[in-house]
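Down below is the structure, laid out as structure tokens.
Protein chains: 2
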Amino acid sequence: MTGVLVIEDDDRIRLSLVLALEDEGYAARGAATAEDGLLQQRRDPAETVLVDLMLPGIDGFECIRQLRREDDVPIVVVSARDDTHDIVAALEAGADDYLVKPVAVKELSARLRALRRRGRALADPVPSLVFGDLVIRPEAGEVSVRGEPVALTRTEFRLLCELAEHPGRVLSRQQLLRRVWEYEVGDERLVDVHVGRLRQKIEEDSSTPRYLVTVRGLGYKLQR
Amino acid sequence: MTGVLVIEDDDRIRLSLVLALEDEGYAARGAATAEDGLLQQRRDPAETVLVDLMLPGIDGFECIRQLRREDDVPIVVVSARDDTHDIVAALEAGADDYLVKPVAVKELSARLRALRRRGRALADPVPSLVFGDLVIRPEAGEVSVRGEPVALTRTEFRLLCELAEHPGRVLSRQQLLRRVWEYEVGDERLVDVHVGRLRQKIEEDSSTPRYLVTVRGLGYKLQR
DNA sequence: GCACGTTGTCATGAAACCGTCATATACCTG
DNA sequence: CAGGTATATGACGGTTTCATGACAACGTGC
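Protein sequences, first through last, are from chains A and B. Take any residue in the first sequence, note its place counting from 1, add 10, and you have its number in this note's numbering. Take any residue in the second sequence, note its place counting from 1, add 10, and you have its number in this note's numbering.
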């Protein structure tokens, strides 16, 4: 999860934004439509998303709402329109900042940094993935419960990380299929099976889970 | 910790900003100098701070750095200067947003909301709806009454959320059928049954409901 | 090629849940 | 107070949802 995603239909502007951002040291990539942007963000989430308001097909506002529904990613609108109305509407839809074209790259870059800093300032107090006696080290690919290291398969590990990234939040089977398996559609039972296997390994008594709990009708969550 | 602090030396502008913000529903107050602003923020921290860049004595940039050193409060700069240079410098100093005067109050208000939302999104990953002793965490799929967690079925949970989204407002059975069950037509008695079951779980005495009250002839509502 | 670990599919049983209905109770109107 | 209407609630069968064990397909290293 890194870099900036630029959703903008005008090829020239998109390209120049991407290049300028790369100049500023960001890993940037582009999408010409909202559909493509949303897809990319699902497949390989960027750290920040830039959105134009006037897009063919799904428009910018709808795109923002959709992004917001799926994710917490900071969203910056870059638009030619400087109407207060548009600005307010975009922010209400879930955008975090709004710049009017033509944008000064230095300003854009500074605003991206500010946004990122704000995110960290608040997110950092709980940096490690610790759930009571369950400790997850994503970079190291290690998991331990009650002091004992446990060996997980890749799928189990990814599933656990996905759940751990949203402590206490219920994730639906659909969401998990999308994020862990990158399936757009698929049999939801698959999730059950892997949750079961994961439980065998991390829960003391898998019939009364302490960490990985089922929320009937909704999905699964990992709780502290 | 509530409200907005406006640090601005021009009396007319400061006053009009404070009044405009109050109009928008914020508790706002002013400081004419950076010194006073910093003092106020120490004594009684505001939720967000607005700073002008050109201030007598300690200037805006220094004021931002000082605030940032002491506190994590979101800072919005409001300045007459629209130089990219100033914008970048202010953001680098620690500001979260930068608006150029004259500001549209609606935009300012929307940006404050966006900033606040972002703060919450990261600090409290699971926002809750609170009705006295009844706490609903939609994201977590959790409900607790008087400190005790209660287990709801999916239908009960959706029903409760629907009611909670409109605190104090009466929702007709028809509306509830449409929104919770996605039935266009259907037996309204169905709603009664589920309201009853929900009451058994969340009310102390289901014959004299404290939260989920019947409005005879109209429907049901959830009150604080 | 073989052994092994991993993965996805399927079947099964148990438990939870849902909608319907019947009955009881509360409330309003005249 | 009587009669009618709106609401509350308990019971029950059909359905959905979930946990789990078995198994075949697949890939990888030896």
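Cβ atoms here follow ideal geometry from the backbone N, Cα and C, with glycine treated the same way.
query, result
"Which residues in chain B sit within 7 Å of residue 94/A, going by Cβ to Cβ distance?", "114, 116, 117"
"Going along the chain, which residues of its own chain have a beta-carbon closer than 8 Å to the beta-carbon of residue 219/B, five neighbours each way excluded?", "209, 213"
"Is it right to say residue 58/B is buried, meaning 16 or more other beta carbons lie within 10 angstroms of its own, or is it exposed?", "buried"
"For the stretch 50-70 of chain A, list every residue whose C-beta sits within 8 Å of some C-beta in chain B, in sequence order.", "none"
"With 16 as the cutoff for other CB atoms within 10 Å, does residue 80/B come out buried or exposed?", "exposed"
"Is the beta carbon of residue 201/A less than 7 Å from the beta carbon of residue 186/A?", "yes"
"Whole angstroms is fine: what's the gap from residue 135/A's alpha carbon to residue 197/B's?", "A caution first: residue 135/A carries a pLDDT of 46, below 50, which makes its placement in the model too unreliable to give a value."
"With a CB to CB cut of under 7 Å and the five nearest residues on each side skipped, what residues in its chain are close to residue 204/A?", "165, 166, 169"
"Once you ignore the five residues that flank residue 83/B on each side, which residues in its own chain have a CB closer than 6 Å to its CB?", "59"
"Taking residue 90/B as the query, report the chain A residues whose CB atoms sit under 9 Å from its CB, ordered along the chain.", "Going along chain A, no residue has its Cβ under 9 Å from residue 90/B, so there is no contact; the nearest lies around 16 Å."
"Please work out which residues of its chain come closer than 7 Å, Cβ to Cβ, to residue 178/A, disregarding the five sequence neighbours upstream and downstream, and give them in chain order.", "231, 233, 234"
"So is residue 193/B buried or exposed if we call it buried at 16+ other beta carbons inside 10 Å?", "exposed"
"When the cut-off is 7 Å and only beta carbons count, does residue 214/B lie next to chain A?", "no"
"Excluding the five sequence neighbours on either side, which residues of its own chain have a C-beta within less than 7 Å of the C-beta of residue 74/A, listed in chain order?", "61, 85, 100, 103, 104, 105"
"Exposed or buried, what is residue 217/B when buried is set at 16 or more other beta-carbons lying within 10 Å of its beta-carbon?", "exposed"
"Could you work out which residue in 227/B, 152/B, 19/B, 35/B is closest to residue 67/B when comparing CA atoms only?", "19/B"
"How is the alpha helix (DSSP H) around residue 26/A delimited, first residue to last?", "21-33"
"In chain order, what residues of the same chain have a beta carbon less than 7 Å from the beta carbon of residue 225/A, not counting five sequence neighbours either side?", "180, 231"
"Please classify residue 5/A as buried or exposed, where buried requires at least 16 other C-beta atoms within 10 Å of its C-beta.", "Because chain A is modelled from 11 through 234, residue 5/A falls outside the range shown and cannot be assessed."
"When DSSP builds the beta bridges, which residues end up paired with residue 152/B?", "147/B"
"For residue 52/B, does the count of other Cβ atoms within 10 angstroms reach 16, so buried, or fall short, so exposed?", "exposed"
"Which same chain residues, not among the five before or five after residue 24/B, have their C-beta less than 6 Å away from its C-beta?", "16, 18, 40"
"Going by the C-beta, is residue 181/B closer than 6 Å to any heavy atom of the ligand ADP?", "The model depicted lacks the ligand ADP and carries no ligand whatsoever."
"List, in order along the chain, the chain B residues whose C-beta lies closer than 8 Å to that of residue 30/A?", "The premise fails here: residue 30/A is roughly 13 Å from chain B at the closest Cβ pair, so nothing lies under 8 Å."
"In the DSSP assignment, find the unbroken alpha helix (DSSP H) run with residue 40/B in it and report its ends.", "Taken as a continuous stretch (DSSP letters only), residue 40/B belongs to no alpha helix (DSSP H), being part of the beta strand (DSSP E) at 38-41."
"Using a Cβ cut-off of 7 Å, pull out every chain A residue sitting near residue 203/B, in sequence order please.", "Within chain A, no residue comes near residue 203/B; the closest Cβ sits about 17 Å away, beyond 7 Å."
"Excluding five sequence neighbours on each side, which residues of the same chain lie with their C-beta closer than 8 Å to the C-beta of residue 109/A?", "86, 87, 88, 89, 117, 118, 121"
"Counting only C-beta atoms, is residue 103/A closer than 7 Å to chain B at any point?", "no"
"Let me see if you follow: with CB-CB separation under 7 Å, is residue 85/B close to chain A or not?", "no"
"Between residue 98/A and chain B, is the shortest Cβ-Cβ distance under 7 Å, so that the two count as touching?", "yes"
"Please state if the CB of residue 13/A and the CB of residue 42/A are separated by a distance shorter than 7 Å.", "no"
"Enumerated in chain order, which unbroken segments of the beta strand (DSSP E) with a length of 3 residues or greater are wholly contained in the stretch 158-199 of chain A?", "158-160"
"Which partner residues does residue 231/B have in the DSSP bridge list?", "223/B"
"Using the C-alpha atoms, what's the distance from residue 63/B back to residue 21/B?", "15 Å"
"From the DSSP output, which residues share a beta bridge with residue 141/A?", "144/A"
"If the cut is a Cβ gap below 7 Å, which residues of chain A does residue 164/B touch?", "226, 227, 228"
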